[in-house]
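As they're listed, the protein sequences go chains A and B. Heads up: take any position in the first sequence, counting from 1, add 212, and you land on the numbering used here. Heads up: take any position in the second sequence, counting from 1, add 605, and you land on the numbering used here. Backbone N, C-alpha and C define an ideal beta-carbon position, used for all residues, glycine too. Owing to the predicted nature of the structure, the values given are computational and were not obtained by experimental measurement.
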Amino acid sequence: MMLFLNKYGERLMTKRNAALDASFWINGYRSGILDFLLSYFTVFVPSVVVEEVEHPSRVTGLLTPAGQLFRRWRLGEQVIVQDPEQPVDWFQLGENAAIGLALERRYRLLIDDRAPYHLAKARNLRAISTADFILLLYVQGQLDYDEAQAKLGTLKISEHMKRVVMHSLGRLATKRGERL
Amino acid sequence: MTTATRQDDLTIPLTPVERETLRQISTVEHLDEESLLKKFVREGLIRYKIEFAARAYARGELNLSGAARYSGVGVEEMMRELEQRGIDCGPTVEQFLDGLDTLAEDFEIEELHQVATEMRQEEGL
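Below, the structure is given as C-alpha cells:
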C-alpha cells in the first residue's frame, strides 16, 4: 500500500497493490473504466495473464482492441509484470496466476470470473470486480449517476446481478442526495 | 470409418456428394483439397475444445483461465463463447457485495459498506 501526500503533508490517496486477472481487464475495457484504475491501484500482472489478454483473435490473427491497450500499458510500464513463485495448476477451479500472485503477495485481486471466487475467498483473498469499481468511481465523483449507470449497463452479467448492481447504485445516489 | 496409414495420417472415406462439395470449396477458396481438409479438421478440433471447456465451465469444473488455456484461445474469446451460450461468467451477487466491502475498507468509504449490508439483507444473504 502506498500513501500519497501533497506538499502540505495532507493525505491524498492511498493506492492499493492489486493482482490483475484477465476477466477484469476485458470487462474494464468494455465498460471504459480502465483510465481510472491506476489512480486507485498499483497493478501487478502475471506473465500468463499477459498472454491471455494479448492472445491474437482466432478470426483476424490480430490483437483485439482490449489486447492492444493492454500491450501499450505493459510496454509503458503502467502495469508491472510479476509472477507468483508457486506453480499454478490450471485445471484446479480455484487456481490461476493472478490468484497465486495475490495470495503470495497479499495483494487485492481484480477479477470478474465467478468460477474461482469461493475458493479464493476461502483463502482470505479480497476480490474486486468491475461493477464494484464503477460504484467506487461514482462515490468518488469520477462518474456521475448517468455515466455510472451506462457503464454498469455494458457489463455482460445476469439479469439478477444487473438488478442488484443498479439497485446498489440507486441506494448510493439516494444517500448522496442525488436521487429521491 | 477411418483407416490409419502412417502414424499421424488418417484416411477418411467420403461419399460422392461430400467429395464433390470438397472439390467445389477447394475451387472457391483457392486451396488444394488436402490443405482444405487440414483446415477443417483443425477448426473442428478447436470448436470441440471450446465446446468441451464451455460445458466444463458451466458445471463449475474449470475457471476462465483454465477454459481458455484448454481451448487454445484468449480469455476475451472464451468469455465471448460463454456469453454466446448463455453461460454467466461474471461475478456473483455475493462476490460483488464482498467487493464493495473491500473498497469501503480500503478507501474508507462508509456508504459502500452500508449499501453492501442493505443489499445483503434484501437478497437474504
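DSSP state of residue i, grouped into three classes?
i	result
B/T616	strand
A/R228	strand
A/I340	strand
B/T707	helix
A/T254	strand
A/R270	coil
A/L246	helix
A/R320	strand
A/A292	The amino acid occupying residue 292 of chain A in the given sequence is Ile; Ala does not appear at that position. DSSP places A/I292 in strand when its eight states are reduced to three.
B/V720	helix
B/F701	helix
B/E688	helix
List the whole-angstrom C-beta distance separating residue i from residue j, where the pair is believed to meet the contact cut-off of C-beta under 8 Å.
i	j	result
A/N308	B/S670	4 Å
B/D703	A/K333	7 Å
A/E264	A/P296	15 Å between Cβ atoms; not a contact.
A/R320	A/R338	5 Å
A/L322	A/P258	About 12 Å separates the two Cβ atoms, so there is no contact after all.
B/R686	A/K368	Contrary to the premise, residue 686 of chain B reads as Glu rather than Arg in this sequence. So it is not a contact: roughly 12 Å between Cβ atoms.
B/P696	A/D324	5 Å
B/M724	A/H379	7 Å
A/R228	A/V262	The pair is not a contact, with the Cβ atoms about 21 Å apart (cut-off 8 Å).
B/L717	B/L708	5 Å
A/R283	A/L275	7 Å
Using the beta-carbon of each residue, which ones in chain B are nearer than 7 Å to residue i?
i	result
A/R228	D711
A/W302	S670, G671, R674
A/E390	Per Cβ cutoff of 7 Å: no residues; A/E390 is ~12 Å from chain B at best.
List the residues of chain B that residue i touches, going by C-beta distances under 9 Å, in chain order.
i	result
A/M373	D693, G695, P696, T697, V698, F701
A/T198	Coverage of chain A is limited to positions 213 through 392, which leaves residue 198 of chain A absent and any answer about it impossible.
Could you work out which residues of chain B lie near residue i, taking near to mean beta carbons separated by less than 8 Å?
i	result
A/I369	D693, G695, P696
A/A327	Y662, G665, L667, N668, L669, C694
Interface residues of chain A around residue i at Cβ under 7 Å?
i	result
B/V633	None at all; the shortest Cβ gap to chain A is about 19 Å.
B/F722	Here residue 722 of chain B turns out to be Thr, not Phe, going by the sequence shown. Within 7 Å Cβ-Cβ: nothing; B/T722 doesn't reach chain A, min ~10 Å.
Under 9 Å between beta-carbons, which chain A residues line up against residue i? List them in chain order, please.
i	result
B/E639	Simply none; closest approach about 22 Å.
Inset, instruction - Answer yes if the segment 349-358 of chain A comes into contact with the segment 259-269 of chain A, meaning at least three C-beta pairs across the two stretches below 8 Å, and no otherwise. - result: no
Inset, instruction - Tell me, please, whether the segment 340-357 of chain A touches the segment 239-252 of chain A by the rule of three or more beta-carbon pairs shorter than 8 Å. - result: yes
Legend entry - Inter-stretch contact (C-beta, 8 Å, three-pair minimum) for the segment 665-676 of chain B and the segment 333-344 of chain A: no
Inset, instruction - Could you pull out every unbroken beta strand (DSSP E) segment of at least 3 residues lying fully inside the segment 327-385 of chain A, listed in chain order? - result: none
Inset, instruction - Write down every uninterrupted run of the alpha helix (DSSP H) in the segment 620-650 of chain B whose length is 4 residues or greater and which is fully enclosed by it, in chain order. - result: 621-634
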